[in-house]
Amino acid sequence: MDFDVELRFQEVLKELEEQFGGGMDVQAILFLIGVNELGIGYKDFSKSEKTDLLHVAICTLLEPHGYYEFEGRDKENWPHFKLLKKLPPLKDREQQHLIKEAIIDYMEANEYVSKKSMG
Numbered sequence: 020m021d022f023d024v025e026l027r028f029q030e031v032l033k034e035l036e037e038q039f040g041g042g043m044d045v046q047a048i049l050f051l052i053g054v055n056e057l058g059i060g061y062k063d064f065s066k067s068e069k070t071d072l073l074h075v076a077i078c079t080l081l082e083p084h085g086y087y088e089f090e091g092r093d094k095e096n097w098p099h100f101k102l103l104k105k106l107p108p109l110k111d112r113e114q115q116h117l118i119k120e121a122i123i124d125y126m127e128a129n130e131y132v133s134k135k136s137m138g
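All residue numbers for the sequence shown refer to the working numbering, where the first residue is 20 and numbers rise by one.
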């Protein structure tokens with residue numbers, strides 16, 4: 020795993036834990052991104068809605084990389100995406116790297132965390 024990405028991810032994690040409390044991991048961050056993209060704030064989500072929120076987060080994160088395209092929202096305001104290209108077969112470490120890098124990009128682009136120069 021790219022050391023700079025892992026280091027920056029830990030910085031992002033620390034900033035998020037200051038805002039939301041400890042125990043944050045990739046899954047928790049994906050949930051927060053999904054809730055944010057849904058745009059209705061926090062509520063008690065069903066198990067199936069939680070799964071959908073994770074899917075929304077993944078699609079949102081991978082959209083800038085050309086894997087998904089936002090299509091619009093349904094009558095309940097849930098975002099929908101179209102798959103543009105399949106992800107190549109990735110080893111677990113490579114998948115984690117891609118997701119962490121995409122989380123960093125998302126958090127910085129939306130100014131949810133401060134940008135830090137690496138180097």
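Idealized CB from N, CA, C, for every residue including glycine.
Since this is a predicted model, take the numbers as computed values, not measurements.
Query	Result
Under 8 angstroms by Cβ, that's how I've got Val24 and Glu120 pegged, so tell me the actual separation to the nearest angstrom.	5 angstroms
Tell me whether the beta-carbon of Gly53 lies closer than 7 angstroms to the beta-carbon of Leu72.	yes
Can the beta-carbon of Glu56 be found less than 7 angstroms from the beta-carbon of Pro98?	yes
What are the residues that DSSP puts in a beta bridge with Leu102?	Tyr87
What do you get for Arg27, buried or exposed, if any count of 16 or more other CB atoms within 10 angstroms of its CB means buried?	buried
Pick from Val75, Pro83 and Thr70: whose alpha carbon is nearest that of Ser92?	For clarity, residue 92 is Arg in the given sequence; the question names Ser instead. When only C-alpha atoms are compared, the closest one is Val75.
Taking Tyr125 as the reference, give the member of Arg112, Thr79, Phe89 and Phe50 with the closest Cα.	Thr79
By a C-beta neighbour count over all protein chains shown, 10 Å radius and 16 as the cutoff for buried, is Phe39 buried or exposed?	exposed
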